[in-house]
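Asker: Chains as they are written, first to last, in full-length UniProt numbering: chain A, 1 to 422; chain B, 1 to 422; chain C, 1 to 422; chain D, 1 to 422.
For reference, the structure I am asking about is given below.
There are 4 protein chains.
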Amino acid sequence: MDTLTAFSDASLHEIRRDLHAHAEAGWKEFRTTALLAAELEELGYGVHLGADSVNPDERMGVPPENEVAAARERALEAGAPTEYIDRMSDITGLVAVRKFGDGPTIGVRTDIDALERQEAMDDDHRPAREGFASVHPGEMHACGHDAHAAIGLGVAREFADGEFDGTLKLFFQAAEEGGRGGKPMAESGYLDDVDHLLAVHVGLDEPVGTVVSSYDAPLANAKLDVTFEGEPAHAGGEPNAGRNALQAATAAIGNLYGIARHGGGQTRVNVGRVNADNAQNVICEEATMRVEVRGGTHDLNEYMLGRTREVIDGAATMHDVDYETGLYGKTTTFENDESVIETVEVAADATSAVDRIIRKEFGGSEDASYLIRRVQRRGGTAAYLGIGANNPAGHHTAYFDIDETAIDIGVDVIGTAVRQLS
Amino acid sequence: MDTLTAFSDASLHEIRRDLHAHAEAGWKEFRTTALLAAELEELGYGVHLGADSVNPDERMGVPPENEVAAARERALEAGAPTEYIDRMSDITGLVAVRKFGDGPTIGVRTDIDALERQEAMDDDHRPAREGFASVHPGEMHACGHDAHAAIGLGVAREFADGEFDGTLKLFFQAAEEGGRGGKPMAESGYLDDVDHLLAVHVGLDEPVGTVVSSYDAPLANAKLDVTFEGEPAHAGGEPNAGRNALQAATAAIGNLYGIARHGGGQTRVNVGRVNADNAQNVICEEATMRVEVRGGTHDLNEYMLGRTREVIDGAATMHDVDYETGLYGKTTTFENDESVIETVEVAADATSAVDRIIRKEFGGSEDASYLIRRVQRRGGTAAYLGIGANNPAGHHTAYFDIDETAIDIGVDVIGTAVRQLS
Amino acid sequence: MDTLTAFSDASLHEIRRDLHAHAEAGWKEFRTTALLAAELEELGYGVHLGADSVNPDERMGVPPENEVAAARERALEAGAPTEYIDRMSDITGLVAVRKFGDGPTIGVRTDIDALERQEAMDDDHRPAREGFASVHPGEMHACGHDAHAAIGLGVAREFADGEFDGTLKLFFQAAEEGGRGGKPMAESGYLDDVDHLLAVHVGLDEPVGTVVSSYDAPLANAKLDVTFEGEPAHAGGEPNAGRNALQAATAAIGNLYGIARHGGGQTRVNVGRVNADNAQNVICEEATMRVEVRGGTHDLNEYMLGRTREVIDGAATMHDVDYETGLYGKTTTFENDESVIETVEVAADATSAVDRIIRKEFGGSEDASYLIRRVQRRGGTAAYLGIGANNPAGHHTAYFDIDETAIDIGVDVIGTAVRQLS
Amino acid sequence: MDTLTAFSDASLHEIRRDLHAHAEAGWKEFRTTALLAAELEELGYGVHLGADSVNPDERMGVPPENEVAAARERALEAGAPTEYIDRMSDITGLVAVRKFGDGPTIGVRTDIDALERQEAMDDDHRPAREGFASVHPGEMHACGHDAHAAIGLGVAREFADGEFDGTLKLFFQAAEEGGRGGKPMAESGYLDDVDHLLAVHVGLDEPVGTVVSSYDAPLANAKLDVTFEGEPAHAGGEPNAGRNALQAATAAIGNLYGIARHGGGQTRVNVGRVNADNAQNVICEEATMRVEVRGGTHDLNEYMLGRTREVIDGAATMHDVDYETGLYGKTTTFENDESVIETVEVAADATSAVDRIIRKEFGGSEDASYLIRRVQRRGGTAAYLGIGANNPAGHHTAYFDIDETAIDIGVDVIGTAVRQLS
């Protein structure tokens, strides 16, 4: 397939495949953002980009500067419109706003980032077989955010004729994977006047034709990057002269798993990545690790995060090393509003391709939680809904794909719900 | 045997057996001190007792107040002279001083405490067979300090006729076991004008007839008592509500053994005792432990002690508990002066019962080190010597005993050396 | 108060106070068992004692032989009837059976052991103020089993006139604390023909007048005693020659708390007691610890117990030490039968002193679970019920007490329910 | 500089620079071996290559097959003589033998591998400035083995005229870094009839003009690669389903540092590299680590290695994971023979460029130890000597270099010593 240099003449299915082929991981969505912004402005939406779409200080898990710069360069080389790349500077994601009438402000939140994983390249995988697998090694739309972006644009097109009594705000959020982009967008200010918010996810093992009117009970979650910094020394000659960062990391890991279970509900802790890299005869001067905690509630998650910080601090003291921690990402919990759920159910019921409407537990974590809570705290209402998509393999795996019919259903259900909410 | 109520009419062998039978552990040597003081005053020595024989603030590893009071009471009940018990108040040990002439001041240091261990009570053990095993359960002269006290008194008797051109200072030190009494006596002020100091140990696996003119290269050593204090909680209901003192102790112990070996020489660390005592369903609110570190030099010992403190501090931080540490005891290293060693060798050579004179490594730790260093820092000289004693079983074991001939040899060699040093 | 030497002339309130004053901890209930047995035989019940009331091989957490012997001796000295002490040999607890008619067999299970804890002795505590606090230091009826025993006897008295068409089996179980006595009694054979079983607990923070017709969802629980056995060595001279039991225990504890949380429900792990006892300069040759695990289901508990055994085994391998483990106690889960619950509710409703009937979660663990499961597996039905008792302080605390009215209510409710079940 | 395709017309200085420029790390020395072999055959030596120069089963720390193949390919592309590459198949290193007369067999051992590290490329570094820095990124002659190879060839040239009454055996050993190649060459059989062996090292912070006639007291050392293999699982959904390789590694590391110090002398342990690499929400299925132990004697090293294996085994048991270990490398201790040392001293004395002859401690580890021990066990004698080389920066650092005069001195001293030993 040809790489698109503008979206306006393409169908949503073509756009989804183009985005799939140019998968951009979190905080690297330059091409995605620029192409979306270009058409949204054409459609009459005011477009807020880069530092104007988020609170930049709240961004988490931002890749090293040189990687971000390389992703920006890559987008330009692939023909992304320079004007929009310039306007976003080095921050991805966008908020598109159009006032049609004096009615309420309705928000629709979709996320646009890919995962950092390699896509399957064999013929068992439709994107590979049909030529739209990711051209970026190690980046893949394995969670359907390509379809989310297409749905968001589809909703924008739906209202482009201007027949709507209210304001429509479309949130195209960067860096959902890892829970890195939700909080900064929630604190952009653009959520503060939203009366009703809809967030959407495709797939999640539901078939095409099923609409989940409410995903409930997500887990709160926090991801912490930790670096212990000590001093190297020759392990044979004078081990005492070192300050052993690996011993600190080891003490931390052993005790992190031992954080007390909580009487108030489920908690989790895991260390997924550890790295210390020296010759065998050198006392480790640096060790890094990536920790994740979870809790069945926001407070349980905070308990785990607080205890994690104590353990890390104590481990560093023990071995006389320094350390730095950075939040890689964070999500919280949310509860959908019954009124919005019911509106979604009415909208789904009115959509002919929908044959099953259910409510279910979410199971995972989502940083849409921050946007939903922001809206609710200001008196608004919100719901997180799902669109079945026949995904042939699990989310985050190399063979993940979706049936693009889900995009059309998503646009229809959300479009109808938006009109009803106004 | 009858319990003595005064030493003056008894032989040194009888006195040693009486002390053996009334073994008093560290900081509990009330009867021993009082009986020694009584005869020393009779012999014309000025006697400094209790808070006047040590710097009380430097005392380490002092037993709980009620145990000390019970030991004092026990001494009175056994007929120890009340006057001296009163004068020492609640601190044991003494310094005896007599100026005979204008010559130099010579010090002799002996220690007087027993060990906290049970003595063998069967007929394989001569003290049991001959009726002078310890009457105090759990206290035993298993390191020959009963003989040391007798030697110190013997030297005092030797010079009682007044024929000596100098000042004699006899240090009867309490609480050598664990290294608890040396530092406070070293800082009493009485060492500051000592020109030459002799310290002595019997046994140490040498036969009667052998004199060790110089024990070299003792290890520096420090013993630390640690208590972690957290909060209890029901381990089933809300384990999160506890602050787990046992997890802190566990983290500490694991990491203490992992303190880096030192390129500069031998180091040691050990935890000998750990205690946490709750029902199985209670998060431990308190855990105690006893740590020992050693180093081939004073600096290596300080390295280990410093790292130990860091590990404990970090472990407490990790598990959000409080902690207290107290030095249970401490020793340092010393080097004997060649001039004093040679004097001892001449004295030993002049003693007919001596048939072998050697120098050797000490192997263990000794808080005479503080007294020796104090003398040397002021320009004096010192040596730590040994008297073979045919001990049938190892030091600190239940069957330890000595051949009392060693007492006579000790008095002869030290007496002769003292005269030569003046 | 006077110590009773027979129960037959005493009221249930007097008997409860007598038992409270002579609190006997698990597997030491010689006096309690003997006095109960004596009256039960008088009342016409057949009495099965000692090894005839349990499967002796299944007994857990039995104290050392000398402690059991001392408790037996203590009972005799307090005037417990010798005949029954002789018949029970060295095993406590009893099963009393009487066939009144051909109707069904109804079982009533009460437990009779005290806790190993000191009772408050000040006037704020009614048992102390009124002279029936425990005369056994370190043993206290702090969980109401004294009242349970009285209720069991009260039910026996209730039916002594013979008017009942069925068989009554009364289980007076030893060693419920720690979950040590339930499994052996469940495997005695006496449960196998029980058609309906009632088990009862007083207090549990409910007021007098409340009956809990069903305590639900107890946690399964297992308690493991662990001893690591290594080799001692001098920590200064040759630490390498030791096999360090404390390092093994430390490695075990650190990793026990780190056993993975379970996706299937709540789990718990705790180490309540650790002991290693050496001088500071000795590599620990022995370390003991007491571990408890729990699970929201039997399988979750087995998961924790299995992982615990792996951790202990690995820790011993790591430090080249031997180890032994012994189950100190174990409980499982149970579900009450709706038919029995409803019978209890009818009986409670018919009792004038009862003003509130509820069902609630149990929260803790109970080894009645084994008896209940045994009955149910054979096709019988069962329920675990509660009788409010105005306990002024929490269970297992020094100021625990009950309002003895609860005994009367218990006898009434159970008696009525037993008649209805036949 | 031009890349050499044959050594025979080049000077030793040119050859050293050519080898420096084409640094080949351990078990990758294809070009080095081939070019040396070609000239050695020209000079009349019998050349044993590949599997004929070592016991292949004893090779340690061999890189992955594809890396070895790539190194072989690289050598061919750089013009290394195909015949010799073919003859060595996939194993590097060579033994060259020539019998000149009936006298004794004299061995000379040099090593030929580079380090896995990046060379400095700026003008402060002479090899960079003068154009002979390594063309292989991440490989560098930072320990002078390029000079060793040149010295070995220089000695071969020295005797090429045939005037020598004995047999000369030249050992060009691969993979000395990490101690990977010594043992397999020692067990090739070629050492078994060597009467006298000389091994040599340049640099080691000595100036040009200094000869170290005997390096003493190397440490024994062993390097172990460990991989723990468990099962992944979703850390949020069902952490219990995983078998956590990282927890096993953590338990191992914490306890490895805690291996008891040894009363018999210095020991060391270090973990230089740890790697576990998953997303934060995945229980680690694999963790790798590189461990090094050392001992002041062969036995102390074996003690550490044995304890290391126990700790790893126990850690795997604890967390129910599998593991594999592989020796990355190993060295032992040796003692030089006085007769050979004195011969070296005479030879050095006869060399005009030598102005200082010393003996000193080696400090590090060397797998020439295995060759030396092999010769000595068969009744031969050996010494490990040093040639000062003005190295401007420490061994193993990016700016390491040598003064090539050292090559000439090395050839002279060794040549003279070889003649004297025959």
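Every residue gets a Cβ at the ideal spot worked out from N, C-alpha and C, and that includes glycine.
Applying the criterion that 16 or more other CB atoms from any shown protein chain within 10 Å of the CB defines a buried residue, is residue 31 (chain B) buried or exposed?
Answerer: Here the question's residue 31 (chain B) lines up with position 31 in the second sequence. When all chains shown are included, residue 31 (chain B) counts as buried.
Asker: Just the chain C side, please: which residues come within less than 7 Å of residue 318 (chain D) by C-beta, in chain order?
Answerer: Along the fourth sequence, one-based indexing puts residue 318 (chain D) at 318. 255, 310, 311, 314, 315, listed in chain order.
Asker: Where residue 376 (chain A) and residue 183 (chain A) are concerned, what is the direct C-alpha to C-alpha distance, given to the nearest angstrom?
Answerer: One-based indexing of the first sequence puts residue 376 (chain A) at position 376. One-based indexing of the first sequence puts residue 183 (chain A) at position 183. Near 14 Å, if we compare the C-alpha coordinates of residue 183 (chain A) and residue 376 (chain A).
Asker: Could you check whether the region 406-416 of chain C touches the region 129-137 of chain C, counting it as contact only if at least three pairs of C-beta atoms, one from each stretch, sit closer than 8 Å?
Answerer: No, the region 406-416 of chain C does not touch the region 129-137 of chain C.
Asker: Have a look at residue 238 (chain B) and residue 244 (chain B) and give me their C-alpha separation to the nearest angstrom.
Answerer: Indexing the second sequence from 1 puts residue 238 (chain B) at position 238. Indexing the second sequence from 1 puts residue 244 (chain B) at position 244. If I take the Cα positions, the gap works out to 12 Å.
Asker: To the nearest angstrom, report how far apart residue 427 (chain B) and residue 373 (chain B) are at their CA atoms.
Answerer: With chain B covering only 1 through 422, there is no way to say anything about residue 427 (chain B).
Asker: Where residue 4 (chain B) and residue 18 (chain B) are concerned, what is the direct C-alpha to C-alpha distance, given to the nearest angstrom?
Answerer: Position 4 of the second sequence holds residue 4 (chain B). Position 18 of the second sequence holds residue 18 (chain B). Using only the alpha carbons, I get a separation of about 7 Å.
Asker: What is the DSSP secondary structure of residue 405 (chain A), counted as helix, strand or coil?
Answerer: Residue mapping note: residue 405 (chain A) aligns to position 405 of the first sequence, counting from 1. Here residue 405 (chain A) sits in helix by DSSP.
Asker: Distance check for residue 404 (chain B) and residue 354 (chain B), CA to CA, integer angstroms please.
Answerer: Within the second sequence, the letter at position 354 stands for residue 354 (chain B). Within the second sequence, the letter at position 404 stands for residue 404 (chain B). Using only the alpha carbons, I get a separation of about 14 Å.
Asker: Got a sec: is the Cβ-Cβ distance from residue 277 (chain C) to anything in chain B below 8 Å?
Answerer: The residue labelled residue 277 (chain C) in the question sits at position 277 within the third sequence. Answer yes: the Cβ-Cβ gap between residue 277 (chain C) and chain B drops below 8 Å somewhere.
Asker: Grab me the residues of residue 154 (chain C)'s own chain with a C-beta within less than 6 Å of its C-beta, minus the 5 sequence neighbours each way, in chain order.
Answerer: As a working note, residue 154 (chain C) is residue 154 in the third sequence. The residues are 12, 411.
Asker: Give me, in chain order, the residues of the same chain whose beta-carbon lies closer than 7 Å to that of residue 343 (chain B); leave out the 5 immediate sequence neighbours on both sides.
Answerer: Sequence index remark: in the second sequence, residue 343 (chain B) carries index 343 (1-based). Excluding sequence neighbours, residue 343 (chain B) sits near 417, 420, 421.
Asker: Starting from residue 112 (chain C), follow the beta strand (DSSP E) in both directions and report where the run begins and ends.
Answerer: The residue labelled residue 112 (chain C) in the question sits at position 112 within the third sequence. Counting along the chain, residue 112 (chain C) falls outside any beta strand (DSSP E), and DSSP gives it neither H nor E.
Asker: Reducing DSSP to helix, strand and coil, say where residue 391 (chain B) ends up.
Answerer: Residue numbering aside, residue 391 (chain B) sits at position 391 when the second sequence is read from its first letter. DSSP places residue 391 (chain B) in coil when its eight states are reduced to three.
Asker: If I measure Cβ to Cβ from residue 197 (chain C) and keep anything under 7 Å in the same chain, skipping five residues before and after, which residues do I get?
Answerer: Working through the third sequence from its first residue, we reach residue 197 (chain C) at position 197. For residue 197 (chain C), where only same-chain residues beyond five positions count, the Cβ hits under 7 Å are 107, 109, 371, 372, 375, 380, 382.
Asker: For residue 247 (chain B), which residues in chain A fall below 9 Å Cβ to Cβ?
Answerer: On the second sequence, position 247 is the one that residue 247 (chain B) refers to. In chain order: 255, 258, 260.
Asker: Flag this pair as touching only if the region 141-159 of chain D and the region 46-59 of chain D have three or more C-beta atom pairs under 8 Å; answer yes or no.
Answerer: In short, these stretches do not touch, since the Cβ pair count stays below three.
Asker: Using three-state DSSP, classify residue 418 (chain A) as helix, strand or coil.
Answerer: Residue 418 (chain A) sits at position 418 when you count from the first residue of the first sequence. Residue 418 (chain A): helix per DSSP, three-state reduction.
Asker: To test your reading of the DSSP string, which unbroken beta strand (DSSP E) runs of 3 or more residues are found completely within the UniProt domain "Peptidase M20 dimerisation" (223-295) of chain A?
Answerer: Whole beta strand (DSSP E) segments, 3+ residues: 267-277, 286-295.
Asker: Between D:103, D:275, D:297, D:279, which lies nearest to residue 287 (chain D) when the distance is taken from Cα to Cα?
Answerer: Start at 1 with the first residue of the fourth sequence, and residue 287 (chain D) comes out as number 287. Nearest option by C-alpha distance: D:275.
Asker: Comparing C-alpha positions only, which one of C:385, C:384, C:401 sits nearest to residue 392 (chain C)?
Answerer: Counting from 1 along the third sequence, the entry for residue 392 (chain C) is found at position 392. Closest by alpha carbon: C:401.
Asker: Is the CB-CB distance between residue 293 (chain D) and residue 281 (chain D) below 8 Å?
Answerer: As a first step, residue 293 (chain D) must be located in the fourth sequence, where it is residue number 293. As a first step, residue 281 (chain D) must be located in the fourth sequence, where it is residue number 281. No. Outside cutoff.
Asker: Is DSSP giving residue 62 (chain D) helix, strand or coil here?
Answerer: Position 62 of the fourth sequence, counted from the first residue, corresponds to residue 62 (chain D). It is coil, neither helix nor strand.
Asker: Taking residue 330 (chain B) as the query, report the chain C residues whose CB atoms sit under 7 Å from its CB, ordered along the chain.
Answerer: By one-based count along the second sequence, residue 330 (chain B) stands at place 330. Going along chain C, no residue has its Cβ under 7 Å from residue 330 (chain B), so there is no contact; the nearest lies around 12 Å.
Asker: Step through the CB atoms of chain A and report whether any lies within less than 8 Å of the CB of residue 227 (chain C).
Answerer: Within the third sequence, the letter at position 227 stands for residue 227 (chain C). No - not a single Cβ of chain A is within 8 Å of the one on residue 227 (chain C).
Asker: What residue from C:114, C:160, C:203 has the CA that sits closest to residue 176 (chain C)'s CA?
Answerer: Here the question's residue 176 (chain C) lines up with position 176 in the third sequence. Measuring from the Cα of residue 176 (chain C), the nearest candidate turns out to be C:114.
Asker: The beta strand (DSSP E) with residue 173 (chain C) in it runs from where to where?
Answerer: By one-based count along the third sequence, residue 173 (chain C) stands at place 173. Here the beta strand (DSSP E) through residue 173 (chain C) covers 167-173.
Asker: Measure how close the beta-carbons of residue 339 (chain B) and residue 179 (chain B) come, nearest whole angstrom, since I'm counting them as under 8 Å.
Answerer: By one-based count along the second sequence, residue 339 (chain B) stands at place 339. By one-based count along the second sequence, residue 179 (chain B) stands at place 179. Between residue 179 (chain B) and residue 339 (chain B) the Cβ distance is about 27 Å, and since that is not below 8 Å, they are no contact.
Asker: Leaving out the 5 sequence neighbours to the left and right, which residues in its chain are closer than 6 Å to residue 358 (chain B) when beta-carbon positions are compared?
Answerer: Counted from its first residue, the second sequence places residue 358 (chain B) at position 358. Here the set comprises 212.
Asker: Can you tell me where the beta strand (DSSP E) with residue 365 (chain C) in it begins and where it stops?
Answerer: Here residue 365 (chain C) is taken as the residue at index 365 of the third sequence, counted from 1. Looking at the DSSP string, residue 365 (chain C) is not in any beta strand (DSSP E), and its letter there is neither H nor E.
Asker: Which residue comes first and which comes last in the beta strand (DSSP E) that contains residue 324 (chain C)?
Answerer: Counting from 1 along the third sequence, the entry for residue 324 (chain C) is found at position 324. It spans 322-331 - the beta strand (DSSP E) in which residue 324 (chain C) sits, taken as one unbroken run.
Asker: For residue 194 (chain A), which option in A:125, A:278, A:137, A:103 has the closest C-alpha, if you only look at C-alpha atoms?
Answerer: Residue 194 (chain A) sits at position 194 when you count from the first residue of the first sequence. Here the closest residue by C-alpha is A:103.
Asker: Output the boundary residues of the alpha helix (DSSP H) element that contains residue 353 (chain B).
Answerer: Position 353 of the second sequence, counting from 1, holds the residue named residue 353 (chain B). Unbroken run through residue 353 (chain B): none, as it is neither H nor E.
Asker: Note down, in chain order, every chain A residue with its Cβ under 9 Å from the Cβ of residue 173 (chain D).
Answerer: For the purposes of this step, residue 173 (chain D) is identified with residue 173 of the fourth sequence, where counting begins at 1. By Cβ distance, chain A contributes nothing, its closest Cβ being about 20 Å from residue 173 (chain D), past 9 Å.
Asker: With a Cβ-Cβ cutoff of 8 Å, do residue 47 (chain A) and residue 34 (chain A) count as a contact?
Answerer: Position 47 of the first sequence holds residue 47 (chain A). Position 34 of the first sequence holds residue 34 (chain A). No.
Asker: Are the CB atoms of residue 257 (chain A) and residue 247 (chain D) within a distance shorter than 8 Å?
Answerer: If you number the fourth sequence from 1, residue 247 (chain D) lands on position 247. If you number the first sequence from 1, residue 257 (chain A) lands on position 257. For residue 247 (chain D) and residue 257 (chain A), yes; Cβs fall inside 8 Å.
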